[in-house]
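Only one structure is covered here, and it is reproduced in the block below.
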Amino acid sequence: MTETRVCVGCGAPLQSTDERMPGYVPASHLEREDVLCRRCFRIRHYGDFTPVVVDEQTYQREVATIFDRPGLVLYVVDVFDLAGSLIPSARRFVASSDVLVVVNKVDLLPADVGYEALGDWIRGEVRATGVEPLDVVFISAERRHGIDKLVDRVARETKRPVYVMGMANVGKSTLLNAMVERLSERKQPFTVSRRPGTTLAMSRFEIDGPFGRVELFDTPGLMYTSRVIERLCGDCLKWVVPRSRVRPRVYQLNPGQALFLGGLVRLETLGGERQGIVLYVSNELPVHRTKRERADSFFADHRFDILKVPCERCAESFDDRRSWLVAAPPRHDADFSLGKRGGDIVLPGLGWIAWTGQRTLARIEGPTWLALSMRPRLVGVLAHRAQHPRSGGDAR
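Be aware that the sequence shown starts at 502, since it is given in the working numbering, and climbs by one per residue.
Structure representation (structure tokens):
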């Protein structure tokens, strides 16, 4: 029985009959070693991304291999978007495997954040989904920070497979390329793109490491429809996905002011005291402040120039909108109530807004599908728990 050949970049089965389908490669290239499909070739060399969505059913079928053949699972999460990078169904696939939570993109956090102190909190968030991790490690796959220690651990896994699992756009393929580079000095085999949904199917790669042969698997990334990044084109993502260490943006807002995060989210202060907030979003994302009474007209006039994102092609996904009420001190009709320590309002796929505990009444407006959530302040509470063990685990 002939084994089905797959693209080494995205894992799609290779075929030469339909150019519109995943895995297409000209028939003359089918017998080559380490073949890239046309889609992966164009992503790597031209940045030309053809979107293909991996649905829940396809995803579960692909990652079921982990349940059938347990091993070591590197569960990759994005430290900048933890809420949006936890897989709801992970427990059913990794129950028989050892799980190492790999917290990626630590290079994006502000320089004064002691991210190692986030370990216990992240472990708790993962446990809440039914997954029991062996350990939590922090890396930057793109900058190769923390990779050597992780590679040494993976290199010793010669008797069982190693799977890299995570939501779309958490950096799985970048991590795999970094490990392949360290272990074998071979060229990077896995296709990487800033667009979510690059890896389409389980992709296998073997490495002759210092302790023997290691079998690595890249899994497809599940798309999370409550994140901003799944709704944007490649041009828009340049403004939204951080490319360098995030610089906190501090604003002092008086009641009656509005703050636009691009054309994606609007924050309005309705009452209370002069309010200090900090935005942790991409350095490239346009942010504009104006008065509340001018906000609607400003949005109508400058949605596609000053605010830039979403562009006219992506705008329709953001037209159906709702609002969330934020209050301090707590009140019964608020969607998010802040205590004396304040809290973070998390905007999945975009970043977060850090609030102090000052008296305030505010409204956040965004698309109806955006799954906002609240947590203790990452900068100032969660990241300093090791130094201040009495810091509370809630936002009260």
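Every residue, glycine too, gets a C-beta built ideally from N, C-alpha and C.
According to the neighbour-count rule (16 or more other Cβ atoms, all chains shown, within 10 Å of its Cβ), is residue 472 buried or exposed? Residue 472 is absent from the model: the chain starts at 502 and stops at 897.
Please determine, among 578, 617, 586 and 615, the residue with the shortest C-alpha to C-alpha distance to residue 602. 578
Who are the near neighbours of residue 515 in its chain, counting only those whose CB is closer than 7 Å to its CB and skipping five residues on each side? 506, 507, 508, 524, 526, 531, 536 and 538
Along the beta strand (DSSP E) that carries residue 792, what are the first and last residues, could you check? 788 to 792
For a quick check, are the C-beta atoms of residue 718 and residue 665 less than 8 Å apart? yes
Helix, strand or coil: how does DSSP classify residue 517 here? coil
Cα separation between residue 611 and residue 869? 30 Å
My assumption, with CB atoms under 8 Å, is that residue 848 sits in contact with residue 751. Please give the rounded CB distance. Contact flag wrong, Cβ pair sits at about 17 Å.
Taking the runs of the alpha helix (DSSP H) that are 4 residues or longer, which of them lie wholly in the region 602 to 682? 620 to 628 and 648 to 656
Please identify the residue among 831, 566, 513 and 568 whose C-alpha is closest to the C-alpha of residue 541. 513
Starting from residue 706, follow the beta strand (DSSP E) in both directions and report where the run begins and ends. 704 to 710
From residue 624 to residue 661, what does the alpha carbon distance come to, in whole angstroms? 24 Å
Mind the definition here: the region 741 to 748 touches the region 829 to 845 only if three or more C-beta pairs lie below 8 Å; say whether that holds. no
Residue 506, DSSP secondary structure in three states: coil
Exposure label - residue 813; buried when at least 16 CB within 10 Å: exposed
For residue 568, the residue or residues it bridges with in DSSP: Answer is none; residue 568 lacks a bridge partner.
Endpoints, the alpha helix (DSSP H) within which residue 594 is located: 591 to 595
So which of 643, 761, 758 and 533 has the shortest CA-CA distance to residue 673? 643
Selected residue, minimal CA-CA separation from residue 800, among 827, 881, 783 and 768: 768
Is residue 589 buried or exposed, if buried means 16 or more other CB atoms sit within 10 Å of its CB? exposed
Below 7 Å CB to CB, which residues in the same chain sit around residue 583 once its five sequence neighbours on both sides are set aside? 623 and 626
Starting from residue 763, trace the alpha helix (DSSP H) in both directions and tell me its first and last residue. No alpha helix (DSSP H) contains residue 763, which DSSP labels as neither H nor E.
From what residue to what residue does the alpha helix (DSSP H) around residue 735 run? 735 to 741
Who pairs with residue 579 in a beta bridge, going by DSSP? 605
Going residue by residue through the region 803 to 888, where are the continuous alpha helix (DSSP H) segments of at least 4 residues, counting only ones entirely within it? none
Quick check on residue 861: buried or exposed, where buried means 16 or more other Cβ atoms within 10 Å of its Cβ? buried
Validate contact between the region 768 to 777 and the region 724 to 736 using beta carbons, cut 8 Å, 3 pairs: no
State the beta-bridge partners of residue 777 as determined by DSSP. 753
Beta strand (DSSP E) containing residue 715: first to last residue? 713 to 719
Is it right to say residue 884 is buried, meaning 16 or more other beta carbons lie within 10 angstroms of its own, or is it exposed? buried
When DSSP builds the beta bridges, which residues end up paired with residue 772? 862
Strictly by DSSP, which residues pair up with residue 573? 599 and 663
Does the distance from the C-beta atom of residue 614 to that of residue 880 stay below 8 Å? yes
Provide the residue(s) that pair with residue 759 in DSSP beta bridges, ordered along the chain. 769 and 791
Go through its chain and collect everything with a Cβ distance to residue 815's Cβ below 8 Å, but skip five positions before and after it. 732, 733, 734 and 737
Under a Cβ-count criterion, where at least 16 other Cβ atoms within 10 Å of its own Cβ denotes burial, should residue 528 be classed as buried or exposed? exposed
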